[in-house]
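**Student:**
Structure, rendered in structure tokens:
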């Protein structure tokens, strides 16, 4: 642990000595210990490495680092051996002795731990050559693999807090705001509001004190970029907030983080403590005029608290109900004081903008969307994980090149972006460049960065119902259009999925949507119709099949399908019979089985268990 | 069960009797006692000098709080979008059927409380079920049966 730094030159000399002591040629084993890999056994792998290194007396020769999320969650636990960047996937504890004795000591690559490209069947040795990583541009997320998030020294050694140094020595607050404006950085939480303009408004606003807030209430289901940043590189968020505080003139910051993210809370708490001890948070930071503290507030599990005014109400210890924003939060926010709120990814971009300059930053991306964006690419895709790409990349590149296409040889149907308030984009629009404005034109939105891929077995009416029911549950109930509108939409979609849809239902859904868009109080109600409108726009035929023919083309909606066993294909193996939870399947061994539709609860267990395609869904 | 009011007071004190810390206070009580007992909420109202309705307003608004005691094991079925497209809802259907309890409820023998969560951010492992904070990924009905056995 570093001593308290009294001034900028002490920080500089600490960085130099840390960089000197980090021998770039010394083998370093990096293990991804993000939540995804953690769930598949990363902590056991870390422990096994520690033990084996002691056993082989290699403590001085090898560095071991449990890092934040590397992104390729599908193949965890992930191990990367530096400096060569040899990447091993799905590593288990039994592989550890071999990795140490073969790869680390003798430089030999272990074939069965390598990633195999499913298209070319070729094994790939280096992390950067794996297609999942090759097409990314990881300016924000890339550092995760280089640092142990629990060690402030690691962050300082890779150039951390250099942007803070720069603003304290060469930039006035107004110049910082100018640089952020010039960079073109827009809010990564969903709204896409220009960050620099927000800061400027907050700086100019009058108030007793001002607050800087980090929104880490990442409520969008299927999105976990912010969690991985907080877990894997918490100091980058703190440094971003420090720069924001300097620019705006604030001495107090809050991070509002989901309670469902225990590792993020713990890594961030530790980072704040370390920053305090190092004199990077607190009074007169590095001997300057800047004083700033950061507190963590854990959320209570309410989606609406991602909305800025609801979040601030929750920070005050009240229920998270939004208010009308005729007075902006930059003027009157938390405790009615000027408050500047940005999301985790936005804050993590700030030190990069300052360190590398606005011109460099704005050279990435499209005309009105600059820099990169981290997406969580999930659902029916081969390479699930977190991907950071330059703005303007096409959806097709993300799905095919990075994501490796649809899993299980199925056909692509749609990609959903923007969280529950986003829209579903069909195959015909896959060449759409990803930026704030283009996604909105297509009836969806950037949102915080969830990208959920759906295949032919997903029903689009059911997806619309899923999102509407999600939002119905999460609506705070304060304003009528959102509370009642979602309730009605949910009922209509429910009856369509059950085969009781009426001819006029689609028109009714569109009318309701318009009222909600026109009259809802906050962003939740305002954007809630998106999943309904976009699915009607692009998948009208599926709605019509449900309403007119009482048929679910994806064979998903329970009330519209029947299970049976195909006597031609059934071998009488008994796999379906054993797994059926309601004893709906009968039959003797090696003879064709029968399924009793009256007992069947349509749970699909038999369909998934059958290896002979003998379970039919009609 | 008697409610340890001493512990409740200590939690309130650790938050400096701040109204703004109400959510944090309730979170700490919930961690300590597994739910929010009425007596504890009355204590919070008295200590913070707030009407009891204000405490209940917050305690019932946020999903993280439970006013009922929970079972010995908590099963959380993730219904985030990634888990939904991979069949998370079917897993919930199955568990509701199997345990004879609706989501949010506790089984008659107090063994399990069944809950749903919006997203755990481990989407690569979907569909996911978490039992007492242990993650079980890529779940199907076959797997869930053998996992349940460990807890019975």
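Chains as they are written, first to last, in our numbering: chain A, 1444 to 2061; chain B, 17 to 168. A virtual CB, placed ideally from N, CA and C, is assigned to each residue, including glycine. Small disclaimer: the values here were computed from a predicted structure and weren't measured.
The segment 62-74 of chain B: which residues have C-beta closer than 8 Å to a C-beta of chain A, in chain order?
**Tutor:** Under the 8 Å Cβ criterion, the segment 62-74 of chain B contributes 73 and 74.
**Student:** Taking residue 2044 of chain A as the query, report the chain B residues whose CB atoms sit under 9 Å from its CB, ordered along the chain.
**Tutor:** Counting from 1 along the first chain, the entry for residue 2044 of chain A is found at position 601. Within 9 Å Cβ-Cβ: 109, 110 and 113.
**Student:** Ordered along the chain, which non-local residues of its own chain (more than five positions away) have a Cβ less than 7 Å from that of residue 1675 of chain A?
**Tutor:** Within the first chain, numbered from 1, the residue matching residue 1675 of chain A stands at position 232. Once the five neighbours on either side are set aside, the close Cβ partners of residue 1675 of chain A are 1477, 1510, 1511, 1512, 1587 and 1592.
**Student:** With the cut-off set at 8 Å, would you say residue 129 of chain B and residue 122 of chain B are in Cβ contact?
**Tutor:** As a working mapping, residue 129 of chain B is identified with position 113 in the second chain. As a working mapping, residue 122 of chain B is identified with position 106 in the second chain. Contact flag set, yes.
**Student:** To the nearest angstrom, how far is it from the Cα of residue 1918 of chain A to the Cα of residue 1514 of chain A?
**Tutor:** Mapped onto the first chain, residue 1918 of chain A falls at position 475. Mapped onto the first chain, residue 1514 of chain A falls at position 71. So the alpha carbons of these two residues sit roughly 31 Å apart.
**Student:** Taking the beta carbon of residue 1816 of chain A as the centre, do at least 16 other beta carbons fall within 10 Å, making it buried, or is it exposed?
**Tutor:** Within the first chain, numbered from 1, the residue matching residue 1816 of chain A stands at position 373. With 16 or more Cβ atoms within 10 Å of its Cβ, residue 1816 of chain A is classed as buried.
**Student:** Whether or not the segment 86-106 of chain B and the segment 1890-1909 of chain A are in contact is what I'm after, with contact meaning three or more pairs of Cβ atoms, one per stretch, closer than 8 Å; do they touch?
**Tutor:** Yes, they touch.
**Student:** Using 8 Å as the cut-off, can you tell me whether the segment 1485-1497 of chain A makes contact with the segment 1459-1467 of chain A, which would need three or more C-beta pairs spanning the two stretches below that distance?
**Tutor:** No, they do not touch.
**Student:** Buried or exposed: where does residue 1554 of chain A fall if 16 or more other Cβ atoms within 10 Å of its Cβ makes it buried?
**Tutor:** In the first chain, counting from the first residue as 1, residue 1554 of chain A sits at position 111. Residue 1554 of chain A should be labelled exposed.
**Student:** Closest Cβ-Cβ distance between residue 57 of chain B and chain A: below 8 Å?
**Tutor:** Position 41 of the second chain, counting from 1, holds the residue named residue 57 of chain B. So, not an interface residue.
**Student:** Can you tell me where the alpha helix (DSSP H) with residue 1926 of chain A in it begins and where it stops?
**Tutor:** In the first chain, counting from the first residue as 1, residue 1926 of chain A sits at position 483. Run containing residue 1926 of chain A: 1923-1940, per the alpha helix (DSSP H) assignment.
**Student:** Listed from N- to C-terminal order along the chain, which residues in the segment 83-97 of chain B have their beta-carbon within a distance smaller than 7 Å of any beta-carbon of chain A?
**Tutor:** Result list: 96 and 97.
**Student:** Can you give the Cα-Cα distance for residue 1801 of chain A and residue 1822 of chain A, rounded to whole angstroms?
**Tutor:** Along the first chain, read from residue 1 onward, the residue named residue 1801 of chain A stands at position 358. Along the first chain, read from residue 1 onward, the residue named residue 1822 of chain A stands at position 379. Going by the C-alpha atoms only, they are around 35 Å apart.
**Student:** Please list the partners that residue 1516 of chain A has in chain B, where partner means a Cβ-to-Cβ separation under 8 Å.
**Tutor:** Residue mapping note: residue 1516 of chain A aligns to position 73 of the first chain, counting from 1. Chain B residues near residue 1516 of chain A: 138, 139, 140 and 141.
**Student:** Below 7 Å on C-beta distance, what does residue 101 of chain B contact in chain A?
**Tutor:** Sequence index remark: in the second chain, residue 101 of chain B carries index 85 (1-based). Neighbours of residue 101 of chain B on chain A, chain order: 1822, 1823, 1895, 1897 and 1901.
**Student:** Counting only runs of 3+ residues fully inside the segment 1780-1859 of chain A, write out the beta strand (DSSP E) ranges in chain order.
**Tutor:** For the segment 1780-1859 of chain A, whole beta strand (DSSP E) runs of length 3 or above, ordered along the chain, are 1782-1786, 1815-1822 and 1828-1833.
**Student:** Closest to residue 78 of chain B by CA distance: which of B:42, B:48 and B:95 is it?
**Tutor:** Numbered from its first residue, the second chain carries residue 78 of chain B at position 62. Among B:42, B:48 and B:95, the Cα nearest to that of residue 78 of chain B is on B:42.
**Student:** Could you name the residues of chain B that residue 2024 of chain A contacts, counting a contact when the two beta carbons are closer than 9 Å?
**Tutor:** Translated into positions along the first chain, residue 2024 of chain A becomes position 581. Ordered by position in chain B, the residues that pass the 9 Å Cβ test against residue 2024 of chain A are 110, 113, 114, 157 and 161.
**Student:** At least one CB of chain A closer than 8 Å to the CB of residue 81 of chain B: is that the case?
**Tutor:** In the second chain, residue 81 of chain B corresponds to position 65, counting from 1. Judged by the 8 Å Cβ criterion, residue 81 of chain B is in contact with chain A.
**Student:** Compile a chain-ordered list of the residues in the segment 34-46 of chain B whose CB is closer than 9 Å to at least one CB of chain A.
**Tutor:** Listed by position, the residues of the segment 34-46 of chain B near chain A (Cβ gap below 9 Å) are 34, 35, 36, 37, 38, 39, 40, 41, 42 and 43.
**Student:** Nearest chain A C-beta to residue 128 of chain B closer than 8 Å, yes or no?
**Tutor:** Taking the first residue of the second chain as position 1, residue 128 of chain B is located at position 112. Cβ-Cβ to chain A under 8 Å: no for residue 128 of chain B.
**Student:** For a contact defined as C-beta to C-beta under 7 Å, what are the partners of residue 133 of chain B on chain A?
**Tutor:** On the second chain, residue 133 of chain B is found 117 positions in, with the first residue counted as 1. Per Cβ cutoff of 7 Å: 1703.
**Student:** So which of A:1706, A:1742, A:1689 and A:1761 has the shortest CA-CA distance to residue 1732 of chain A?
**Tutor:** Along the first chain, one-based indexing puts residue 1732 of chain A at 289. Selected option, being the one with the closest Cα: A:1689.
**Student:** Please report the residue range of the beta strand (DSSP E) in which residue 2007 of chain A lies.
**Tutor:** In the first chain, residue 2007 of chain A corresponds to position 564, counting from 1. Start and end: 2006-2008.
**Student:** Alpha carbon to alpha carbon, how far is residue 1644 of chain A from residue 1549 of chain A? Give it in angstroms, no decimals.
**Tutor:** For this step, residue 1549 of chain A is matched to residue 106 along the first chain. For this step, residue 1644 of chain A is matched to residue 201 along the first chain. Distance between the alpha carbons of residue 1549 of chain A and residue 1644 of chain A: 59 Å.
**Student:** Would you say the segment 1655-1664 of chain A touches the segment 1606-1618 of chain A, given that touching needs at least three Cβ pairs under 8 Å?
**Tutor:** Cβ pair count under 8 Å is below three, so no.
**Student:** Whose Cβ in chain A lies nearer than 7 Å to the Cβ of residue 151 of chain B?
**Tutor:** As a position in the second chain, residue 151 of chain B is number 135, starting the count at 1. The answer, in chain order, is 1482.
**Student:** Counting only Cβ-Cβ distances shorter than 9 Å, please list the residues of the segment 1752-1773 of chain A near chain B, keeping chain order.
**Tutor:** Those residues of the segment 1752-1773 of chain A that come within reach of chain B (Cβ to Cβ, closer than 9 Å) are 1757, 1758, 1759, 1760, 1761, 1762, 1763 and 1764.
**Student:** Would residue 51 of chain B pass as an interface residue toward chain A - the criterion being a Cβ-Cβ separation below 8 Å?
**Tutor:** Here residue 51 of chain B is taken as the residue at index 35 of the second chain, counted from 1. Answer no: the Cβ-Cβ gap between residue 51 of chain B and chain A never drops below 8 Å.
**Student:** How would you list, in chain order, the residues of chain A whose beta-carbon sits under 8 Å from the beta-carbon of residue 167 of chain B?
**Tutor:** Within the second chain, the letter at position 151 stands for residue 167 of chain B. Near residue 167 of chain B there are no residues of chain A at all, since even the closest Cβ is about 18 Å away, more than 8 Å.
**Student:** Based on Cα-Cα distance, which residue from A:1852, A:1851, A:2053 and A:1868 lies nearest to residue 1859 of chain A?
**Tutor:** Here residue 1859 of chain A refers to the residue found at position 416 when the first chain is read from its first residue. Answer by Cα proximity: A:1868.
**Student:** Extract the residue ranges of the beta strand (DSSP E) inside the segment 54-141 of chain B, only unbroken runs of 3 or more that lie entirely within it.
**Tutor:** For the segment 54-141 of chain B, whole beta strand (DSSP E) runs of length 3 or above, ordered along the chain, are 89-94 and 128-133.
**Student:** Using a beta-carbon distance below 8 Å, is residue 2051 of chain A in contact with chain E?
**Tutor:** Included in the structure are the protein chains A and B, with no chain E among them.
**Student:** For residue 1509 of chain A, which three-state DSSP category applies?
**Tutor:** Working through the first chain from its first residue, we reach residue 1509 of chain A at position 66. Residue state, collapsed to three classes: strand.
**Student:** Mind listing the chain B neighbours of residue 1848 of chain A? Cutoff is C-beta to C-beta under 7 Å, in chain order.
**Tutor:** For the purposes of this step, residue 1848 of chain A is taken as residue 405 along the first chain, with counting starting at 1. None at all; the shortest Cβ gap to chain B is about 16 Å.
**Student:** Below 8 Å on the Cβ atoms is my guess for residue 1539 of chain A versus residue 1505 of chain A; work out the distance and round it to an integer in Å.
**Tutor:** Taking the first chain and counting its residues from 1, the one referred to as residue 1539 of chain A is at position 96. Taking the first chain and counting its residues from 1, the one referred to as residue 1505 of chain A is at position 62. Not a contact, Cβ separation roughly 12 Å.
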